[in-house]
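Quick note on the numbering used here: the sequence shown kicks off at 16 and runs consecutively.
Using N, Cα and C, we set each Cβ at its ideal position, and we do this for glycine too.
Below is one structure, written out as structure tokens; the observations come after it.
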Amino acid sequence: MSSWPLSLSLLRVYPKKLGSAAAGWAAARTLPGGLRQAVLGRFVKAYGLDMSEAEHPLSGYPSLQALFTRRLKPGLRPQAEEAPGCVNSPVDGVLIASGRIQAGQAIQAKGLPYRISELLKHDPSAARFEGGFYLTLYLSPKDYHRIHVPIRGLVTAVGRVEGELWPVNGASTGHVPRLYERNRRATWVALGTGPDEGLEVAAVAVGATHVGGVVIDERWLSGRTLPRDGSLGVDLLPCAPGDDLGTFRFGSTVVLLVGGPGAARWEPEAAGGPVRVGQRLGRFR
């Protein structure tokens, strides 16, 4: 691994979990009212956040974490019109990789494979996504950090996988083997109904350095606590495109898996590049 960038070589010895926990603690501290504009304003300027879309003015966010997990003004992310097999983007971000799942594997970047069975560690039947599609969506610090339901369906399971906290930027995806199956992550799985009947979709929210917090919406937990490393069955709760799915406490990556008996005739419409919540990513051909 001598070809690794220097930044990744240094991260081998950096205490990534401890550092991420400290960053999360600091981001959640309430800022005095007189400092919010100055402190948060610097962050907005440095990363180019579009505050014209935010639900509240900058002074309405008591902490950096509150700013990161901000909601948007109502109506700014309409869902694409439903169509047979429609799967919409769950996040604002960039589609950086997509393709067929073959031999139980997806491609991370530069030919580096990872295993779907490990990505969905607590799912005993991950092989049912064979022949389906994977779509990898990367969120940068400037992006809106809430995750939304991509299909119409019935939710069957949620889970959490404890793991490492490597960054998920271009340097990491191109050099760290099996990055997405190594990092901490949360999972959400649903069976398609109505126009999405025949599909099964899994959304895997992957944590990263200083991005350890991935929160699954309370609706899918039904008053239960998500295990530190395990899964919970969900009693076929209905979901619709645009519903709250979860939240990133800072930016990271969502890997969307599209499987089920209808996956053979599903194809992506987005070829790569920027996407927004509600934008159609693919449908039945």
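- Val106 and Ala118 have their alpha carbons spaced roughly 28 Å apart.
- Counting only runs that start and end inside the stretch 160–247, the alpha helix (DSSP H) elements of at least 4 residues fall at 185–188 and 194–197.
- Taking C-beta atoms as the reference points, Val183 and Ser113 fail to come closer than 7 Å.
- Taken through DSSP and simplified to helix, strand or coil, Ala112 comes out as strand.
- Separation of Arg197 and Gly174 (C-alpha to C-alpha, rounded to the nearest whole angstrom) is 15 Å.
- By the Cβ-count criterion, Asp250 is exposed, with fewer than 16 other Cβ atoms from all chains shown falling within 10 Å of its own Cβ.
- As for any beta strand (DSSP E) of minimum length 3 sitting wholly inside the stretch 56–117, the runs are 108–115, ordered along the chain.
- Taking a 10 Å sphere around the C-beta of Ser155, we find fewer than 16 other C-beta atoms and assign the residue as exposed.
- Within the model, the alpha-carbon separation for Leu152 versus Ile111 is close to 6 Å.
- Per DSSP, Glu284 lies in no beta strand (DSSP E) and is assigned neither H nor E.
- Setting aside the 5 residues that flank it on each side, Trp281 is surrounded in the same chain by Gly100, Val102, Gly147, Phe148, Leu214, Val273, Gly297, Arg298, Phe299 and Arg300, each with a C-beta closer than 8 Å to its C-beta; the list follows chain order.
- Within the same chain, Tyr129 come within 6 Å of Arg193 by CB-CB distance, once the 5 residues on both sides are set aside.
- For Leu135, there is no enclosing beta strand (DSSP E), since its DSSP letter is neither H nor E.
- Around the CB of Ser187, 16 or more other CB atoms lie within 10 Å, so the residue is classed as buried.
- Nearest neighbour of Trp181 by Cα position, chosen from Val230, Gly222, Ser237 and Asp244, turns out to be Gly222.
- Separation of the CB atoms of Asp259 and Arg234 is rounded to 7 Å, and the pair is thereby assigned contact status at 8 Å.
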